Amino acid sequence: MNDYYYAGVDKQSADCGDKIDRLALQKSAKIILPSQWTYESVQNDYDQPEVKLSLIPFGANMPEVKITPKTLMGKEINILLVGVEWKRKGIDIALDVVTKLNEHSLAGYHYTLTIVGLDKPSDFTQSDVIFKGRLDKNDPVELSNLQAEYEKADLFLLPTQAEAAGIVFAEAAMYALPVFTYDTGGVSQYVLNEKTGYTLPTSATSTDFVQQIEGLVTDTTNYHNMSKAARTYYDTTLNWDAWADSVKSFLKS
Numbered sequence: 001m002n003d004y005y006y007a008g009v010d011k012q013s014a015d016c017g018d019k020i021d022r023l024a025l026q027k028s029a030k031i032i033l034p035s036q037w038t039y040e041s042v043q044n045d046y047d048q049p050e051v052k053l054s055l056i057p058f059g060a061n062m063p064e065v066k067i068t069p070k071t072l073m074g075k076e077i078n079i080l081l082v083g084v085e086w087k088r089k090g091i092d093i094a095l096d097v098v099t100k101l102n103e104h105s106l107a108g109y110h111y112t113l114t115i116v117g118l119d120k121p122s123d124f125t126q127s128d129v130i131f132k133g134r135l136d137k138n139d140p141v142e143l144s145n146l147q148a149e150y151e152k153a154d155l156f157l158l159p160t161q162a163e164a165a166g167i168v169f170a171e172a173a174m175y176a177l178p179v180f181t182y183d184t185g186g187v188s189q190y191v192l193n194e195k196t197g198y199t200l201p202t203s204a205t206s207t208d209f210v211q212q213i214e215g216l217v218t219d220t221t222n223y224h225n226m227s228k229a230a231r232t233y234y235d236t237t238l239n240w241d242a243w244a245d246s247v248k249s250f251l252k253s
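Heads up: the sequence shown at position 214 corresponds to 214 in full-length UniProt numbering, and the numbers run straight through without jumps.
Spelled out as structure tokens, the structure:
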């Protein structure tokens, strides 16, 4: 995690954290990991035998809702981003993506990006971006506002720079949203490339995101199928009931 999630951690602190992790893993009879990336790290970096390990993805941390797979009907496309760290969540990239989408305006589409988790900077002037600030899921009103943003969204964009798993991807899947993100860390466990969204290589630019988004939006059949696949993946895998069943089975093995 050092120099991936965290930067600038001094060697003594990093070594101490690594020692604690290693001891905890060694003392564990069973180890549950939320992604292939974390699974391989525990297995290879900490020399833990495969018999102790089980890969079980996280579920969505929101009340379950019944969602019909989406179909694009008009030219107004709502893109949702949920994240609280400007740099790590790739906000600058997302802003550039929506700017280029609207400058290009392929087939007359217009895109609006809504960002949940961050406040609007005082000097921000981009008109096609809406900041909603942090929304507390424990507050009924704010939870309802967050649910409304997921419901009205057509796409989910998160150009994250580092992600061990990503519960927001499970939430996007619950709302049948195709996802556009980077293939980094554990993301590919939650977004199935070309099935429930697109996981672009970490070398991809904002222009690459634009091309992928335009390609999906202008192919309404593929969009609907991807929306349907996202919800199916939530129903079968990215929910806490599925997680609990897998955990119980693993603990009994």
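Ideal Cβ placement from N, Cα and C applies to all residues, glycine included.
Every value quoted in this text rests on a predicted model; they were computed, and no experiment measured them.
Round the Cβ separation of residue i and residue j to the nearest angstrom and send it over; I've been treating them as touching at under 8 Å.
i   : j    : result
G90 : L158 : 7 Å
Q48 : I31  : 6 Å
Between which residues of its own chain and residue i is the CB-CB distance below 7 Å, once the five residues before and five after are set aside?
i    : result
A94  : L81, L113, L157, P159
E149 : L80, T114, V116, K132
V191 : F169, V179, T181, G197, T199
G215 : none
Residues in the same chain with beta-carbon distance under 8 Å from residue i, minus the five sequence neighbours each way, listed in chain order, please.
i    : result
K228 : P69, A176
List the endpoints of the continuous alpha helix (DSSP H) containing residue i.
i    : result
E76  : Taken as a continuous stretch (DSSP letters only), E76 belongs to no alpha helix (DSSP H), being part of the beta strand (DSSP E) at 76-82.
I56  : Unbroken run through I56: none, as it is neither H nor E.
Y234 : 220-236
L158 : Per DSSP, L158 belongs to no alpha helix (DSSP H); it is in the beta strand (DSSP E), 155-158.
Measure from the alpha carbon of residue i to the alpha carbon of each residue in the options, then state which is nearest.
i    : options                : result
D92  : M73, Q126, G185        : Q126
V217 : L143, K30, E76, Y39    : E76
Y182 : V141, A165, G108, L135 : A165
P178 : G186, D154, V84        : D154
P121 : W86, D136, E103        : W86
A172 : L23, Y234, V97         : Y234
D245 : F58, N225, A14         : F58
A60  : R231, K252, V247, T220 : R231
Q43  : M62, R22, P63          : R22
Give me the Cα-Cα distance between residue i and residue j, rounded to the nearest whole angstrom.
i   : j    : result
A29 : T184 : 29 Å
D45 : Q189 : 20 Å
Within the continuous beta strand (DSSP E) that includes residue i, where are the two ends?
i    : result
I167 : Here I167 belongs to no beta strand (DSSP E); instead the alpha helix (DSSP H) covers 167-174.
Q17  : Residue 17 is actually Gly in this sequence, not Gln. Taken as a continuous stretch (DSSP letters only), G17 belongs to no beta strand (DSSP E), being part of the alpha helix (DSSP H) at 11-27.
Short of 6 Å in beta carbon distance, which residues of its chain neighbour residue i, apart from the five on each side in sequence? Order them along the chain.
i    : result
V129 : L113
L101 : Y111, V210
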